[in-house]
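Counting in the working numbering, the sequence shown runs from -1 upward without gaps.
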Amino acid sequence: MSNNIRVGNISDIPSLGARVVKTEKGDIAIFRTEDNKVFALINKCPHKDGSLADGIVHGHKVTCPLHNWNINLEDGKVVAPDEGCAEHFVVNVDAEGNLFLQL
Ligand code: FES
């Protein structure tokens, strides 16, 4: 059964930034893109566990700070030629900008 938890407001996250939320599934990075979309991935790069929250957000992707793998924020898939997938979570935003993470 999925569980929705409130994880703050979109205004808590700078544009092109991220914040980390501790959950029962581990640390989850919540990203805000330039077009004000919000995405959530486990805060562990599928390569060698780099902190994706410390990466560079561009478009709907994040570049891992350790070895520059690019990960798609929409589904957690690593962009070729690298391979892998970071666990992805759904985040819903209500009319007031409150964020609800679906676990
Ligand atoms: S740990 Fe992310 S690219 Fe290596």
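Think of the CB as a built atom: it goes at the ideal place given N, C-alpha and C, for glycine as much as any other residue.
Ranked by Cα distance from VAL91, the first of GLY6, SER0 and ASN1 is GLY6. When DSSP states are grouped into helix, strand and coil, LEU71 belongs to the coil group. In terms of side-chain proximity, the C-beta atom of LYS75 is found no nearer than 7 Å to any non-hydrogen atom of the ligand FES.
Residue environment: LEU14 is assigned as exposed (fewer than 16 neighbouring CB atoms within 10 Å of its CB, all protein chains considered). Going by C-alpha positions, TRP67 is about 30 Å away from ARG4. When rounded, the separation of the alpha-carbon atoms in CYS62 and CYS43 is 7 Å. Remark: C-beta atoms of ILE40 and GLY24 approach each other more closely than 8 Å.
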